[in-house]
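Down below is the structure, laid out as structure tokens.
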DNA sequence: CGGTAACCACACCGGTCGGTATACTGTCAG
DNA sequence: CTGACAGTATACCGACCGGTGTGGTTACCG
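Protein chains in written order, with my numbering: chain A, 2 to 203; chain B, 2 to 203.
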């Protein structure tokens, strides 16, 4: 069993060595400390690069932010591919449960929750160039849930996908905001029960 | 039926007329545009007040932020009281469902989701004076769910409360981040099904 | 009458932020 | 040989930000 919905990730255009360091530094700093808190000077310093180089490569902070989220999205999907490969789910239901199990590993060692949710709140402006990446990431999760549910022959896959997404996002945000350290385990149990009791197409 | 868990809201210390206007302006601006985006000058101008007055009343922007969240928490609880009064739930289960139904009304007309989640992300620093208010609000929700579940004679009220909180927070965040306009209705249906199938103490 | 609290107007501060300008160095392909 | 490209170093900019200081005006209250 594998993921069904096309990720349609624009293949990362090749970066210069300095560009790679900048993106790496921006990724950790933006996630650890927040997008607004981290200035371009701090990123340039952490990447051991001049601000000039940073602007030559990325043009503006906003575009660097967008690059950061696209990069994080790629890392997220690579992570899911590894998780799916090692857990080797046998049924579509197990794929869904593996996605929830993966969440625990994904958040291990971090305390800031979901970088996409955080970015959405920090950027606020709906027309920010990074917004499509954020909404896209969430909607990919939903459509993957729906595709697996449909493949499993479960009734009303749309409604089920909506509910799974709520559990998924709820875990991410409760982990961070409500200081609920076991949020991902609770979500995994809730998802398992939901799938077990959900009606099937006759 | 009524809410069970003490709100323990520090009674709002009386404000001067200008202080009231400042808090009102800060509340709408902070929620609509974000805490970091809105400067003290903008708040003072919106409240038709000098910056001097703002600092005489609230001391610093951070303390104004804390006051904003405490105020929003009071408004939230007053809103819940009204909702409970008008929906007049007959059982503890109905109280829980009324809390979910209330969410739809609470988010009506806004597109920024939960002010507490947003503030938690924007402030980031764990030692910010406003953090206890944020975590407290989420934990109050959880303990209210748990108290109602216990009163209803439902098994494992702690686990049930955790799952209800995930749905609750998931709805708030999916509404904003995933552009899921019907998130609160989905959460309400999920909560209803969850309560209907949850085991009871024998 | 005198004091005090609540305001106004306005000017000012140091710091930080995103972003730009100038000038120079190394490397590599046509 | 010669551009083009990637990079360094450093200085600078205007705008905005949170916050302070001075000085003056009401109005109420003991």
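Glycine residues also receive a C-beta, built at the ideal position from the N, C-alpha and C atoms.
**Report entry** Per-residue DSSP class, three states only, for residue 201 of chain B
**Finding:** Mapped onto the second chain, residue 201 of chain B falls at position 200. DSSP places residue 201 of chain B in strand when its eight states are reduced to three.
Starting from the beta carbon of residue 188 of chain A, find every residue of chain B whose beta carbon is closer than 7 angstroms, and list them in chain order. Translated into the one-based positions of the first chain, residue 188 of chain A becomes position 187. By Cβ distance, chain B contributes 167.
The segment 127-142 of chain A in contact with the segment 78-98 of chain B per 3-pair CB rule at 8 angstroms = no
Measure the beta-carbon distance from residue 92 of chain B to residue 181 of chain B and round it to whole angstroms, keeping in mind my assumption that it falls under 8 angstroms.
-> Taking the first residue of the second chain as 1, we reach residue 92 of chain B at position 91. Taking the first residue of the second chain as 1, we reach residue 181 of chain B at position 180. Wrong, their Cβ atoms sit about 29 angstroms apart, outside the cutoff.
For this session: Just the chain B side, please: which residues come within less than 8 angstroms of residue 119 of chain A by C-beta, in chain order?
Result: As a position in the first chain, residue 119 of chain A is number 118, starting the count at 1. The answer, in chain order, is 122.
* To do: Just the chain A side, please: which residues come within less than 9 angstroms of residue 139 of chain B by C-beta, in chain order?
  => The count along the second chain starts at 1 and reaches residue 139 of chain B at position 138. 175, 178, 179, 180 and 181, listed in chain order.
Does the segment 23-36 of chain B come into contact with the segment 63-70 of chain B, if we say contact requires no fewer than three beta-carbon pairs (one atom in each stretch) closer than 8 angstroms?
Judged by Cβ distances under 8 angstroms, the segment 23-36 of chain B makes contact with the segment 63-70 of chain B, as three or more pairs qualify.
Kindly examine the ligand GTP and report whether one of its heavy atoms sits closer than 8 angstroms to the Cβ of residue 184 of chain A.
-> The ligand content of the structure shown is nil, which means the ligand GTP is not present either.
Practice item. Please name the residues in the segment 141-171 of chain B whose beta-carbon is closer than 9 angstroms to at least one beta-carbon of chain A, in chain order. Key: Correct list: 142, 143, 160, 163, 164, 166, 167, 168, 169, 170 and 171.
Handout entry: Interface residues of chain A facing residue 97 of chain B [CB-CB closer than 7 angstroms]
Key = Your numbering for residue 97 of chain B matches position 96 in the second chain. Here the premise fails: no neighbours, minimum Cβ distance about 15 angstroms.
Scan the segment 13-45 of chain B for residues whose Cβ lies nearer than 9 angstroms to a Cβ of chain A and list them as they occur along the chain.
34, 35, 37 and 38
Quiz item: In terms of residues, what are the limits of the alpha helix (DSSP H) holding residue 74 of chain A?
Solution: Locating residue 74 of chain A in the first chain gives position 73, where the first residue counts as 1. For residue 74 of chain A, the enclosing alpha helix (DSSP H) has its first and last residue at 62-88.
Any idea what DSSP makes of residue 166 of chain B, helix, strand or coil?
The residue given as residue 166 of chain B occupies position 165 in the second chain. Helix at residue 166 of chain B.
| message | Just to confirm my understanding: we take residue 193 of chain A, look at its own chain, exclude 5 residues before and 5 after, and list those with CB closer than 7 angstroms. What are they? | response | Stepping through the first chain from its first residue, residue 193 of chain A is reached at position 192. Closer than 7 angstroms at the Cβ level, and outside the excluded window around residue 193 of chain A, lie 98.
Does residue 105 of chain A have its Cβ less than 9 angstroms from a Cβ in chain B?
-> One-based indexing of the first chain puts residue 105 of chain A at position 104. Taking Cβ atoms only, chain B never reaches closer than 9 angstroms to residue 105 of chain A, which makes this a no.
Check: To the nearest whole angstrom, what separates the beta carbons of residue 148 of chain B and residue 6 of chain B, a pair I think is in contact under 8 angstroms?
Finding: On the second chain, position 147 is the one that residue 148 of chain B refers to. On the second chain, position 5 is the one that residue 6 of chain B refers to. With 8 angstroms as the limit, residue 148 of chain B and residue 6 of chain B qualify as a contact, their Cβ atoms being about 5 angstroms apart.
Original post:
Should residue 86 of chain A be flagged as near chain B, meaning a C-beta pair shorter than 9 angstroms?
Top reply: Locating residue 86 of chain A in the first chain gives position 85, counting from the first residue. No, residue 86 of chain A lies away from the interface with chain B (no Cβ there is under 9 angstroms from its Cβ).
Is it the case that the Cβ atoms of residue 65 of chain B and residue 172 of chain B are separated by a distance below 9 angstroms? Here residue 65 of chain B corresponds to residue number 64 of the second chain, with the count starting at 1. Here residue 172 of chain B corresponds to residue number 171 of the second chain, with the count starting at 1. No, the pair does not count as a contact, with Cβ atoms beyond the cut-off.
Less than 9 angstroms between the beta carbons of residue 47 of chain A and residue 26 of chain A, yes or no? For the purposes of this step, residue 47 of chain A is taken as residue 46 along the first chain, with counting starting at 1. For the purposes of this step, residue 26 of chain A is taken as residue 25 along the first chain, with counting starting at 1. Taking 9 angstroms as the Cβ cut-off, residue 47 of chain A and residue 26 of chain A qualify as a contacting pair.
- Task: In angstroms with no decimal places, state the Cα-to-Cα distance between residue 108 of chain A and residue 145 of chain B.
- Result: If you number the first chain from 1, residue 108 of chain A lands on position 107. If you number the second chain from 1, residue 145 of chain B lands on position 144. For residue 108 of chain A and residue 145 of chain B, the gap between their C-alpha atoms comes out near 27 angstroms.
Between residue 101 of chain A and residue 188 of chain A, what straight-line distance do the alpha-carbon atoms span, to the nearest angstrom?
Here the question's residue 101 of chain A lines up with position 100 in the first chain. Here the question's residue 188 of chain A lines up with position 187 in the first chain. Going from the Cα of residue 101 of chain A to the Cα of residue 188 of chain A covers about 7 angstroms.
Report task. Would you tell me roughly how many angstroms separate the C-alpha atoms of residue 156 of chain A and residue 86 of chain B, rounded to the nearest one? Result -> For this step, residue 156 of chain A is matched to residue 155 along the first chain. For this step, residue 86 of chain B is matched to residue 85 along the second chain. Taking the CA atoms as reference points, residue 156 of chain A sits about 37 angstroms from residue 86 of chain B.
request  = Evaluate residue 83 of chain A with the Cβ neighbour count: other Cβ atoms within 10 Å of its Cβ, from every protein chain shown; 16 or more gives buried, anything less gives exposed.
outcome  = In the first chain, residue 83 of chain A corresponds to position 82, counting from 1. Exposed is the call here.
**Study point:** Collapsed DSSP secondary structure at residue 16 of chain B in the structure displayed
**Key:** Translated into positions along the second chain, residue 16 of chain B becomes position 15. The answer is coil: DSSP assigns residue 16 of chain B none of H, G, I, E or B.
Q: Say whether chain A places a C-beta atom closer than 9 angstroms to the C-beta of residue 136 of chain B.
A: As a working note, residue 136 of chain B is residue 135 in the second chain. Yes, residue 136 of chain B counts as interfacial toward chain A.
Q: With DSSP collapsed to three states, give me the class of residue 155 of chain A.
A: By one-based count along the first chain, residue 155 of chain A stands at place 154. Reduced to three states, the DSSP call for residue 155 of chain A is strand.
Q. Comparing alpha-carbon positions, which option in B:175, B:22 and B:168 lies nearest residue 113 of chain B?
A. Position 112 of the second chain, counting from 1, holds the residue named residue 113 of chain B. For residue 113 of chain B, the closest of B:175, B:22 and B:168 by C-alpha to C-alpha distance is B:175.
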